[in-house]
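With mature numbering (1 follows the signal peptide of the UniProt record, and there is no 0) applied, the sequence shown covers -26 to -1, 1 to 545. Note that the Cβ used here is the ideal one computed from N, Cα and C, for glycine as well. Please read all numbers here as calculations on a predicted model, not as lab measurements. This report concerns only the one structure given below.
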Amino acid sequence: MMRLAPNAVTASCCALALLFTSSASAFDRITGHHFASRSEVLAQNGMAATSQPLATQVALDVLKQGGNAIDAAIAANAMLGLVEPTGNGIGGDLFAIVWDAKTEQLYGLNGSGRSPKSLTIEYFQQQGLSSIPAYGPLPVSVPGAVDGWFELHDKFGKMPMEKILAPAIEYAENGFPVTELIAYYLNRSAERLAKYPNFKETFMADGKMPQKGEIFKNPDLAYSYRLIAKGGRDAFYKGEIARVIDKYMKENGGFLSYEDLASHRSEWVTPVSVNYRGYDLWELPPNGQGIAAQQILKMLEAYDISAMGIDSPEYVHTFVEAKKLAFADRAKFYADMDFAKVPVAELLSEEYAAKRRALIDPEKVAKSVNPGNPALNHGDTIYLTTADKQGNMVSLIQSNYRGMGSGMTPTGLGFVLQDRGELFNLAPGEANSYAPGKRPFHTIIPAFVTKDGKPWLSFGVMGGATQPQAHAQVLINLIDFGMNLQEAGDAPRILHSGSSQPTGEKMTDGGILSLENGFSAATRRALVQLGHKLQENSGSYGGYQAIMWDEKNQTYIGASESRKDGQAAGY
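Here's what the structure looks like:
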């Protein structure tokens, strides 16, 4: 056997390393940042960006047939409930922000459902539960998505609902090929949810979940969509679908009732904004968590972020410490504003941001963080965005909460009921404490950005507590680091977990910091030296879609998440 001298071994290793580097970099893009997965999409007449290509195409078809951005968003959401049941469906809730070109105003819709009126906190106590289970009948709250569709449609829609839902009905009846990532999550869901009544019959007709490329049909969902298309929102909340849900829940130990469904209503709300370096970020007020992104940005605005650079321990540390402070407030204050006095204006004020910012130690990690004391003045998910040639833009997010939801699958309807009620706190006396007929704390948040009073960006990022962190990072990437729209989503993300929660958990150890590939070893080492606990993470960094309006060129710019199966497309 031939042996190489030490210097020869070194030379061989270097040659191999050079070869690997050359072959790896052969696929780098010739323009833009090295981490960009593709170019932005440019189009003048309309744009759609969703987490599944077939849903994007459905939205574009609606626009080309004369529908507007609101019609396209509803059509895409219905399609996603079929092709991506791992993240959403009509068993879940919906939130939206709409830019109406006619009035030149933003409108916010809170389409989240409430807890069953017959289920009390005493019941959980009698069962010896300190938290609401993730699956089964107990975390199920009223699904708000369908009512959200009709609220949006009644106020802004143009095309008949029968035509809007027709593509999803056709695909549900005839089938579609399952994409790679969705197949992965379907098979993971089966491990947890197959034991719940009617789940297998709906999603595992041949005894197993569909694999990548296999054709999946959901005729039960087509049946539900037909009822909704013909009978409107009452078909879901007062008609056959409501009666089936009521019967199914009663038979399986649940509390959600016909009366809960029949009394449901969505709520039009006024979006709230903060200004970050000349750009106004708009989010919906609680029960969602959107204002956490705004709190983070207001704390960070005093720092020279662009000088720090994205791959620097200074930036990552400062961002994470600001996130902890915002999430401590999130844990204490964010809740259904019909039940709790949430000091939204105070939490977003310059004075409060300055007080919270002063608590950030540049040399040390905060192991625990207390919520602030603002003076109270009374006064897995899918995200999609669409835009039309009239200038209307929709930012819409919809979810069952934990992937496919509770596992509770009403007979013959083709969808799973959400488990959003898990996010209540069972300790009495808190803002987010469980109560009958109350909306739980919510993680899903649409976002919109205006500049000088004009629309600039409709965007969102899927993924639980990742969302406000990613909202802030996307804007920092665009505004501070000068990235384009696709790069702002593709850039490596910071994810901090373990903060205090609205469900009652308290952070005592500083939490866990995860960094995507792209952050250097030097930055990681420096963060560990500051006291951060780093942990590898996969699949938790969210899913981004965005549409930007280029006023100068009168053109839409679209971007879609490289971490998902999605697509941005226009015409």
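Per DSSP, the beta bridge partners of residue 81 are 72. A residue is called buried when at least 16 other Cβ atoms come within 10 angstroms of its Cβ; residue 70 meets this threshold and is buried. For residue 194 and residue 419, the gap between their C-alpha atoms comes out near 29 angstroms. Taking one beta carbon from each stretch, the segment 94 to 105 and the segment 210 to 217 have fewer than 3 pairs nearer than 8 angstroms; the two do not touch. In this chain, residue 541 is not harboured by any alpha helix (DSSP H); it is covered by the beta strand (DSSP E) spanning 541 to 544. The three-state reading of DSSP puts residue 96 in helix, counting H, G and I together.
Looking at 421, 428, 78, 427, the one whose alpha-carbon comes closest to that of residue 444 is 421. For residue 533, the pairing in a beta bridge is given by DSSP as 520. Approximately 5 angstroms separates the beta-carbon atoms of residue 392 and residue 65; this is inside 8 angstroms, confirming the contact. When DSSP reads this structure, residue 399 sits in a beta bridge with 407.
Boundaries of the beta strand (DSSP E) around residue 254: 253 to 257. Note on residue 103: under 16 other CB atoms within 10 angstroms of its CB, so exposed under the neighbour-count rule. Judged by beta-carbon spacing, residue 473 lies within the 8 angstroms limit of residue 301, meaning their Cβ atoms are closer than that value. Within a 10 Å sphere around the beta-carbon of residue 8 sit fewer than 16 other beta-carbons, which makes this residue exposed. Counting along the chain, no beta strand (DSSP E) covers residue 32; the unbroken alpha helix (DSSP H) around it starts and ends at 27 to 38.
The beta carbon of residue 120 lies closer than 8 angstroms to those of 64, 202, 207, 210, 211 in the same chain, with the five residues before and after it left out.
When rounded, the separation of the alpha-carbon atoms in residue 23 and residue 101 is 44 angstroms. Look at residue 114 here: in three-state DSSP terms it is coil, with no helix or strand label. Residue pairing for residue 470: DSSP places it in a beta bridge opposite 487. Across the structure, residue 416 and residue 294 are spaced so that their CA atoms are roughly 21 angstroms apart.
CA-to-CA, the gap between residue 380 and residue 177 works out to about 14 angstroms. Around the beta carbon of residue 412, 16 or more other beta carbons lie within 10 angstroms, which makes this residue buried. Counting along the chain, residue 141 sits inside the alpha helix (DSSP H) bounded by residues 135 to 148. Rounded to the nearest whole angstrom, the C-alpha separation of residue 462 and residue 236 is 42 angstroms.
By DSSP's assignment, residue 369 forms a beta bridge with 71, 359.
By the CB criterion at 8 angstroms, residue 187 and residue 111 fall outside the cutoff. Taking C-beta atoms as the reference points, residue 334 and residue 296 count as a pair closer than 8 angstroms.
For residue 122, the closest of 87, 115, 138 by C-alpha to C-alpha distance is 87. The Cβ atoms of residue 46 and residue 360 lie closer than 8 angstroms to each other.
For residue 330, the closest of 168, 339, 345 by C-alpha to C-alpha distance is 345. Excluding sequence positions up to five before and after residue 21, its CB lies within less than 6 angstroms of the CB of 361, 521, 530, 532, 544, all in the same chain and listed in chain order.
Residue environment for residue 270: buried (at least 16 other C-beta atoms within 10 angstroms of its C-beta). A residue is called buried when at least 16 other Cβ atoms come within 10 angstroms of its Cβ; residue 251 does not meet this threshold and is exposed.
Annotation: residue 455 to residue 446 spans about 13 angstroms, alpha carbon to alpha carbon.
The criterion of a C-beta distance shorter than 8 angstroms is not satisfied by residue 518 and residue 490.
Bridge pairing for residue 21: 361, 544 [DSSP].
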